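Structure first, then comments.
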Amino acid sequence: MGVSEDDYVQLLSALLPPGPAWSPEDVAIKGAAPSLLRVHQRADDLMLELDPRTTTELINRWEKCCGLPDE
8 MGVSEDDYVQ LLSALLPPGP AWSPEDVAIK GAAPSLLRVH QRADDLMLEL DPRTTTELIN
68 RWEKCCGLPD E
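Start counting the sequence shown at 8; every next residue gets the next number (the working numbering).
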């Protein structure tokens, strides 16, 4: 999916309660966005790993599960 770090900054900013306690430009929000983006990207990668036709990282597990290589 085409999600960016800026998307996460906007999402986190939208979750903040209104008022002067939090600023949408807070460094904590900008600091959390890259981590959330990495989690999102890894979740996308996992969706590809669930299909043996598109797996790369879990190929050894798929081969073991399917009894491959057949000797």
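For each residue, glycine too, the CB sits at the ideal point set by N, CA and C. Values in this document were obtained by computation on a predicted structure and should not be read as measured data.
> Does DSSP classify Trp69 as helix, strand or coil?
Replying inline: The residue you call residue 69 lines up with position 62 of the sequence shown. Reduced to three states, the DSSP call for Trp69 is helix.
> Below 8 Å, can you find three or more Cβ-Cβ pairs linking the stretch 48-62 to the stretch 22-31?
Replying inline: The stretch 48-62, when compared against the stretch 22-31, does not touch it at the 8 Å Cβ threshold.
> Closest by CA to Lys37, which one among Pro24, Gly74, Leu23, Leu19?
Replying inline: Against the sequence shown, residue 37 aligns to sequence position 30. Cα-wise, what sits closest to Lys37 is Leu19.
>> For Asp33, tell me which candidate among Val16, Gly9, Ser42 has the shortest Cα-Cα distance.
In response: Along the sequence shown, read from residue 1 onward, the residue named residue 33 stands at position 26. Checking every option, the nearest Cα to that of Asp33 belongs to Val16.
> Looking at the structure shown, is Ala35 part of a helix, part of a strand, or coil, going by DSSP?
Replying inline: Taking the sequence shown and counting its residues from 1, the one referred to as residue 35 is at position 28. Residue state for Ala35 is assigned as helix, using DSSP reduced to three classes.
>> Given this structure, state the Cα-to-Cα distance separating Cys72 from Ala50, to the nearest angstrom.
In response: The sequence position of residue 72 within the sequence shown is 65, counting from 1. The sequence position of residue 50 within the sequence shown is 43, counting from 1. Using only the alpha carbons, I get a separation of about 22 Å.
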